[in-house]
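Trainee: Heads up, the sequence shown is in my numbering, so the first residue is -12 and it goes up one at a time.
We put the beta carbon where it would ideally sit given N, CA and C, even for glycine.
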Amino acid sequence: MKLLTRSILPALISSALATSAVLAQEAEQEEIVVPGLYVTTDEGRTFLQQGDVTIEMKAGESGFADEEGMRRIERLPQALDWP
């Protein structure tokens, strides 16, 4: 039983490391969209509010909010950039 456990463990570790390497390579090749709320303001103003913090965005500005907080972003991820 011990011999079997010892031979499986390195294989599991190798598998996990290989999977991480593949995901990292894909992230460099493609833009990863982080889960959260993305907002854009085409006209007027948009307000993002989380707890006691409020961000006011003017036309042409974008923002992002998730569990860690919210912030203005320079541009939307390409997958979410619609006309």
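Can you tell me which of Val20, Val21, Ala46 puts its alpha carbon nearest to the alpha carbon of Glu30?
Mentor: To locate residue 30, count along the sequence shown from 1; it is residue 43. Comparing Cα positions, the closest option is Ala46.
Trainee: Shortest alpha-carbon distance to Arg32 belongs to which of Ile42, Ala66, Asp53, Asp68?
Mentor: Here residue 32 refers to the residue found at position 45 when the sequence shown is read from its first residue. It is Ile42 whose Cα lies nearest to the Cα of Arg32.
Trainee: Residue range of the beta strand (DSSP E) that Glu48 falls in?
Mentor: Translated into the one-based positions of the sequence shown, residue 48 becomes position 61. Careful: Glu48 lies outside any beta strand (DSSP E) and carries neither H nor E.
Trainee: Going by CA-CA distance only, name the one from Phe34, Ala(-2), Gly23 that's closest to Asp53.
Mentor: For the purposes of this step, residue 53 is taken as residue 66 along the sequence shown, with counting starting at 1. Residue Gly23 is the option with its Cα nearest to Asp53.
Trainee: Starting from Arg59, trace the beta strand (DSSP E) in both directions and tell me its first and last residue.
Mentor: Stepping through the sequence shown from its first residue, residue 59 is reached at position 72. Counting along the chain, the beta strand (DSSP E) containing Arg59 begins and ends at 56 to 60.
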